[in-house]
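Which chain is which? The protein sequence lines are A and B, in order.
In my numbering, each residue's number is its place in the first sequence (first place is 1) plus 9.
In my numbering, each residue's number is its place in the second sequence (first place is 1) plus 76.
Just so it is clear, CB atoms sit at the ideal spot from N, CA and C, and this is done for glycine as well.
The block underneath contains the structure these notes are about, expressed in structure tokens.
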Amino acid sequence: MDVSSNTELQQGKECEGTLVNLLSENEQAIVRHITDLYSTATGLDSEYWLEPASTSPEAQIMMGNAVQTGFCQIIRSTNDGCRRCHYQATKAGRQSFDLGQPYVYVCHAGLIEWAVPIVQDQKYLGVVVAGRLRLWDLDTEMREELGARTRDLGIDADDLWQAMENVPYMSADRVEAASQLLFSSVCYHMGSDYRLLHHQKKLWGERSCMAEEIARQKMVQLQDMSIASRQTVPRKKAPAGANNGQPSVPRRTGTQSPSSFVLVKNEQELIGRIRIGDRSGAKEILNQTLGNIFLYSEDELDIVKARLFALLTNVGRAAVQKHTPWEDLGRLYLDAFQQLQQIVDIESLYIWTVQVFDQLMNEIYISRDNSRFSIVGQVIQYLQEHYAKEISVNDVARAVHLSPFYLSRIFKEELDFTIVEYLIEIRLSAARYLLENSILTVSQIAKQVGCHDPAYFSRIFKKHIGIGPKEYQRWWKTSKA
Amino acid sequence: MEKTEILGILSRCIVDGDANRIKIYIRDALRMQLSAMTILNEGLMPGMSVIGRQFRDNDVYVPEVIMAAQALAAAVKMLKPFLVDRCTGNRGKVMLATVPDDIHDLGKNILGIMLEGAGFSVVDLGVDVPASRIVKALETERPDILGLSCTLTITLTHIKEIIMVVRQAPAGRQVKILLGGLSVTPRFAKSVGADAYGIDASVAVQKALSMVSGSKL
Ligand code: B12
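Structure representation (structure tokens):
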């Protein structure tokens, strides 16, 4: 952690009078009380740092509670150590304010701590810090790291290491639980702005999705690159999770821009998914589309904006069909359009898109119920009407506006066999009817049921029925006679 | 043991945040003649991706991620001598930094090791580095290349600011700017006027080499 940019320390709020910080006496007593309770219950250090009420250099940040951890006492016996703790605590407080969650971090000297913000009227007023423990065993490696972190503080390394031996160990899940507990109690007792914090937490949820989508696409690109660089080596299984279970968004290679092609293709898929009520599936597609645009598109921001807006309106219009009154959506789009004008960077654009999409989904789902099965029904109907022609899963998928991959998956999940297997069933039963009731030859029948390769037809027939079509025909005729 | 098996175990050690076990298996993998790049790209990185997704899905929380990062750092430390090409001679100087408000540095550190291996001298300013400190260091260090690492998507905006400040400073007018890290995309790098972008550390080394040799990227 960098400590040279100390400007954050002076970022208190300008205030008249003699106020030292922005909390009342009573509120300060409450913070002190919570940190005492917390320390007593957990046996861990906890302290708080309040923002100064004025930006003047004399208005030092208020600190409460004495440090118990021997390790930290040694660190803070130096000016630099003290300054670093100070800087990091306030920085962590602001980070947790931004996250809307407790912020768990490794401190400048290597201990695990967590920070939770004190928030009122949407303002950051201070931080409660707790923890000071280790997640690891004490070994030579850790000793080396400690040395590297504290070398410039001029502290005796052996003393510090001895103190480190008294720093308690805690498992990861207990750290998480302890940080959540502190967060809840501070928020509750300080009357923190729950809605704001919750909003921030949600925002980071979207950011996670965005970043992971970028990570996934980069991984795919790196795999393509490594395959290209050793073309003779057969393609091996993708590393864990590289692309597993992901629907078939066109795979991108090289550096060409995806722009409108990807958008149009994914638009169909989005519409299909929304229609069958697969909200999370729809969101997955949206995330991929966005990741793709942000990673590869070389268009100007304004063009990307216009495209995304068009995508959302098209999807909305097509997906609602007769269900949602268009006026409701009109209002939604108008608001969204106004927000869109303010956006100047990709990150906000991503989050805007996801949020508008969420609202859109809400509107759509309020007004109808869905069943995946209706899609399966449509597929079956399509197959029955078209089996005599040469059709592929792609054709079926196009007819119901879904990707072949995805359609195949839900079809299989609902009926427990694949589209191709189902198509074969339809064809074979039609073929048997013709073999039994017509005087057509086997190859004519094969053609009539959509199989243009008689040899293939015979093979499949034999595999499913047990005997070949010619034999079947003969057998049927003799048995009838 | 099979190659895929040991890579799977290494990935698992990252996910479990097991800095002790990982050292044992890195040693085994090296004994099996796996290259350091294979171990990194096909064992360790996939483990990190799993943790990233688990974190997104709230299946794990920050403490587990911290442990995974510790495990990766331990593994990279062991791999260090093997990541180096043992190139001698001076190819030039690279200055590395992670942008303000961002403390992700594993990728940058790996890049630093590989650049040194390729014959560069590397000055690492650390994480959460403000523009002012970068400019000051440019004056004293006079590097050929400035490599900025940015992982968080919100901190991308800082890159823009840094590049502006750097280009205005006399010491920063000539320096080549190389960008990388999870949130940096080619599109972004182009839009802020960076000289190059590296999708991973190996590519970044290639870009750095062509930057100093003056050939086209
Ligand atoms: C490990 C990790 C951490 C560790 C970092 C430890 C460390 N010392 O770096 C810790 C626990 C500290 C951490 C903290 C946080 N993290 Co984090 N973290 C990760 C994780 C799981 C892996 C990152 C990593 O190290 N990968 C391995 C390295 C080797 O890969 P890399 O960085 O991409 O580097 C390669 C290339 O990018 C390139 N490269 C890297 N740098 C450079 C530079 C140049 C010049 C070039 C050319 C190339 C280049 O080369 C490298 C090797 O090939 C990612 C998830 C993910 N999918 O990446 C989340 C992730 C990045 N973190 C995230 C978040 C939200 C956080 C926190 C806010 C969490 C919290 N609630 O506290 C904090 C933020 C702290 C801060 N202010 O920075 C999000 C980011 C979301 C977003 N939109 O920005 C992610 C995506 C997780 C998620 N799914 O939500 N994190």
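Which term fits residue i, buried or exposed, when burial requires 16 or more other beta carbons within 10 angstroms of its beta carbon?
i, result
"B/Arg218", "exposed"
"B/Arg107", "exposed"
"A/Ile283", "buried"
"A/Arg204", "exposed"
"A/Gly156", "exposed"
"A/Gln390", "exposed"
"B/Val91", "buried"
"A/Asn446", "exposed"
"A/Val324", "buried"
"A/Ala319", "exposed"
"A/Ser412", "buried"
"A/Lys486", "exposed"
"A/Ser201", "buried"
"A/Asn253", "Model confidence at A/Asn253 stands at a pLDDT of 35, short of 50, so the residue's coordinates are unreliable and nothing is read from them."
"A/Ser401", "exposed"
"A/Arg126", "According to the sequence displayed, residue 126 of chain A carries Pro and not Arg. With 16 or more other Cβ atoms within 10 Å, it is buried."
"A/Ala315", "exposed"
"A/Gly102", "buried"
"A/Trp1", "Past the boundaries of the shown model lies residue 1 of chain A; chain A is included only from 10 to 490, so the question cannot be answered."
Whose Cβ in chain B lies nearer than 9 Å to the Cβ of residue i?
i, result
"A/Met173", "Chain B residues near A/Met173: none, gap ~16 Å exceeds 9 Å."
"A/Glu122", "Near A/Glu122 there are no residues of chain B at all, since even the closest Cβ is about 11 Å away, more than 9 Å."
Under 8 Å between beta-carbons, which chain A residues line up against residue i? List them in chain order, please.
i, result
"B/Leu258", "Ala220, Ile223, Ala224, Lys227"
"B/Ser150", "It is Ala, not Ser, that sits at residue 150 of chain B in the sequence shown. Near B/Ala150 (Cβ distances below 8 Å), the residues of chain A are Glu150."
Interface residues of chain A around residue i at Cβ under 7 Å?
i, result
"B/Glu307", "Outside the modelled stretch of chain B, which goes from 77 to 293, sits residue 307 of chain B, for which no answer is possible."
"B/Gln146", "Trp145"
"B/Ala95", "Trp145"
"B/Thr229", "Arg216, Met219, Ala220, Glu356"
How many whole angstroms separate the CB atoms of residue i and residue j, which I take to be in contact at a CB cut-off of 8 Å?
i, j, result
"B/Val175", "B/His234", "4 Å"
"A/Leu444", "A/Tyr481", "6 Å"
"A/Leu191", "A/Ala139", "5 Å"
"A/Thr78", "A/Val184", "Between A/Val184 and A/Thr78 the Cβ distance is about 15 Å, and since that is not below 8 Å, they are no contact."
"B/Arg167", "B/Val288", "6 Å"
"B/Ala144", "B/Gly195", "Not really, about 31 Å apart at Cβ, beyond 8 Å."
"A/Ile360", "A/Glu222", "That belief does not hold up - the Cβ atoms of A/Ile360 and A/Glu222 are roughly 13 Å apart, past 8 Å."
"B/Ile189", "B/Leu222", "Contact flag wrong, Cβ pair sits at about 18 Å."
"A/Glu356", "B/Thr229", "5 Å"
"B/Gly128", "B/Leu83", "Actually they are not in contact, since the Cβ atoms of B/Gly128 and B/Leu83 sit about 18 Å apart, beyond 8 Å."
"A/Ala399", "A/His473", "First, the residue type needs correcting, since residue 399 of chain A is Glu and not Ala in the sequence shown. At roughly 19 Å, the Cβ-Cβ gap does not stay under 8 Å, so A/Glu399 and A/His473 are not in contact."
So which residues on chain B does residue i lean against when the C-beta distance must stay under 7 Å?
i, result
"A/Leu144", "Pro139, Ile142, Met143"
"A/Glu185", "Tyr137, Pro139"
Find the residues of chain B that neighbour residue i, judging by a C-beta separation of less than 8 Å, and give them in chain order.
i, result
"A/Ser217", "Phe131, Arg132"
"A/Asp354", "Leu232, Thr233"
"A/Leu231", "Asn117, Ile275, Asp276"
"A/Leu304", "Thr261, Pro262, Arg263"
"A/Val409", "Chain B residues near A/Val409: none, gap ~29 Å exceeds 8 Å."
"A/Val115", "Ile142"
Hey, quick one: how far does the beta strand (DSSP E) through residue i stretch, first residue to last?
i, result
"A/Val137", "132-142"
"B/Gly171", "The sequence as given places Met at residue 171 of chain B; Gly does not occur at that position. It spans 168-174 - the beta strand (DSSP E) in which B/Met171 sits, taken as one unbroken run."
"B/Glu78", "Here B/Glu78 belongs to no beta strand (DSSP E), and DSSP marks it neither H nor E."
"B/Asp200", "196-200"
"B/Ala272", "272-274"
"A/Gln110", "Counting along the chain, A/Gln110 falls outside any beta strand (DSSP E), and DSSP gives it neither H nor E."
"B/Val152", "Looking at the DSSP string, B/Val152 is not in any beta strand (DSSP E); the run it does join, the alpha helix (DSSP H), is 138-159."
"A/Asp202", "No beta strand (DSSP E) holds A/Asp202; DSSP gives it neither H nor E."
"A/Leu59", "54-59"
"B/Arg232", "Per the sequence shown, residue 232 of chain B should be read as Leu rather than Arg. Premise fails: B/Leu232 lies in the alpha helix (DSSP H), 232-244, not in any beta strand (DSSP E)."
"B/Ser225", "221-225"
Taking the alpha helix (DSSP H) that residue i falls in, what are its first and last residues?
i, result
"B/Lys252", "Taken as a continuous stretch (DSSP letters only), B/Lys252 belongs to no alpha helix (DSSP H), being part of the beta strand (DSSP E) at 252-256."
"A/Tyr47", "34-51"
"B/Ala207", "207-217"
"A/Val125", "Per DSSP, A/Val125 belongs to no alpha helix (DSSP H); it is in the beta strand (DSSP E), 121-129."
"A/Leu9", "Past the boundaries of the shown model lies residue 9 of chain A; chain A is included only from 10 to 490, so the question cannot be answered."
"A/Gly156", "149-159"
"A/Arg85", "79-85"
"A/His473", "463-474"
Which chain A residues are close to residue i, counting only those with a beta carbon under 9 Å from its beta carbon?
i, result
"B/Gly128", "Ser217, Ala220, Glu221, Ala224"
Continuous alpha helix (DSSP H) assignments of at least 4 residues falling wholly in the segment 85-117 of chain B: 95-107
Hey, which unbroken runs of the alpha helix (DSSP H) at 4 residues or more fall wholly within the segment 335-375 of chain A? 335-351, 355-375
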